[in-house]
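In terms of this note's numbering, the sequence shown is residues -7 to 230. Reviewing the structure listed below.
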Amino acid sequence: MAITPNSGQERVSTGIEGLDEMLAGGLVRGSITAIVGAYGTGKTTCVLEFLYDGLRRGETAIYISPEETEDSILGFMAMRGRDVGPYRNRSFFVLKLDPTNFNLSVNTIRNELPPLIRKVSATRVVFDPVSLFEDLFESDSGRRNEMYRFVELLREQHCTMVMTSETTRDNPLASRHNLIEYLADTVILLRYVRPDDFARVNLAVEVVKMRHSPHSREIRPYEIGAEDVRVLPAPGTR
-7 MAITPNSGQE RVSTGIEGLD EMLAGGLVRG SITAIVGAYG TGKTTCVLEF
43 LYDGLRRGET AIYISPEETE DSILGFMAMR GRDVGPYRNR SFFVLKLDPT
93 NFNLSVNTIR NELPPLIRKV SATRVVFDPV SLFEDLFESD SGRRNEMYRF
143 VELLREQHCT MVMTSETTRD NPLASRHNLI EYLADTVILL RYVRPDDFAR
193 VNLAVEVVKM RHSPHSREIR PYEIGAEDVR VLPAPGTR
């Protein structure tokens, strides 16, 4: 079902067929989005599609990673037919965090990220996964305060940001710390759907919320192909 976006809202494509339709044309430019899902649901694949779509459109993108090296990211994208070599250190930049060093990671986010965004005029930023950064905080209050400051810092840069977070075994519908859903403007949930006959495990996507914008309320299946991600029509529709 087509959804009409609010007038005056500039949209940013996710690079994923069918998902933009659920988002009334795409993410609102300058907004903060959280993609939440269990391991294996394709969170990293989705955010790299988002970044690559921006690169192809002449935009500049930054990928923040607490776990992947730049070479591994480039290798994964190349394996999926996304050659980002021509964009490397020109319009595509990787900011590596140390997931074991609290002070270093926080200082990098506070002191290095905003100047980098301004210097390269980045319009798309991905933090994958933000949950490893959240794990660095010992208290819930410290985590909440720092994540709030981080999100507000990004809003001041006027870029479109997407963060990923794992769910927990106990609750496959919420992020690990149950926090970024409240800070983000848009929340996209990825999850497994297991039929009663156990014949196949399917993947499903839901737009849980989208501030100040209409969006689909459907839960729709999606497929991760060798070179793309596609959101399919909801069961029973064409």
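From the three backbone atoms N, C-alpha and C, an ideal C-beta is built for every residue, glycine too. Just so it is clear, the structure is predicted and the values come from calculations on it, not from any experiment.
Using a Cβ-Cβ cut-off of 7 Å (strictly less than) and excluding sequence neighbours within five positions of residue i, which residues of its own chain qualify?
i, result
"T152", "V4, L19, R21, G22, S23, T115 and R116"
"G73", "E219"
"V193", "Y184 and R186"
"V122", "M155, T156, S157 and I172"
"A70", "none"
Measuring CB to CB, does residue i end up less than 8 Å from residue j?
i, j, result
"R141", "L171", "no"
"A196", "R186", "no"
"V223", "G10", "yes"
"I216", "T37", "yes"
"V39", "V154", "yes"
"G7", "D45", "yes"
"T156", "I56", "no"
"I109", "Q149", "yes"
"H204", "L15", "no"
"P91", "L124", "yes"
"T25", "D177", "yes"
Could you tell me which of the options sits nearest to residue i, measuring between CA atoms?
i, options, result
"L43", "V76, R110 and D12", "V76"
"G50", "P58, V112, A70 and N95", "V112"
"E130", "T25, Q1 and N95", "N95"
"R102", "L146, L128, G134 and T61", "L146"
"L120", "E60, E13 and A176", "In the sequence as displayed, the identity of residue 120 is Asp instead of Leu. Of the listed residues, the one whose Cα sits closest to D120 is E60."
"D132", "R168, P107 and G0", "R168"
"G0", "G17, L175 and I65", "G17"
"I65", "P107, I180, V179 and V118", "V118"
Which same chain residues end up closer than 8 Å to residue i when comparing Cβ atoms and leaving out the 5 residues on each side of it in sequence?
i, result
"L47", "A53, V76, Y79, S83 and F84"
"A166", "V28, T159, T160 and E173"
"V98", "L128 and E138"
"P227", "P213"
"L87", "I54, Y55, I56, S57, T100, E104, L105 and L108"
"N81", "none"
Assuming the contact rule is C-beta atoms closer than 8 Å, residue i and residue j should be a hit. Round their C-beta distance to whole Å, please.
i, j, result
"E158", "M139", "With a Cβ gap of about 15 Å, E158 and M139 do not count as contacting."
"G67", "V221", "That belief does not hold up - the Cβ atoms of G67 and V221 are roughly 18 Å apart, past 8 Å."
"L89", "P58", "4 Å"
"L181", "V143", "Not confirmed; about 19 Å, so no contact."
Spatial neighbours of residue i within its chain, please: C-beta separation below 6 Å, excluding the five flanking residues on both sides.
i, result
"E41", "G7, I8 and V221"
"K201", "V179"
"A30", "T159 and P164"
"D12", "S5, T6 and G18"
"E2", "R21"
"P225", "none"
Within the segment 130 to 193, note down every full alpha helix (DSSP H) run reaching 4 residues or more, in order along the chain. 132 to 147 and 172 to 175
Quick check for students: name the residue ranges of the beta strand (DSSP E) that lie wholly in the segment 34 to 91, counting only runs of 3 or more. 53 to 57 and 84 to 88
What runs of the alpha helix (DSSP H), each 4 residues or longer, lie entirely inside the segment 88 to 125? 94 to 99 and 105 to 112
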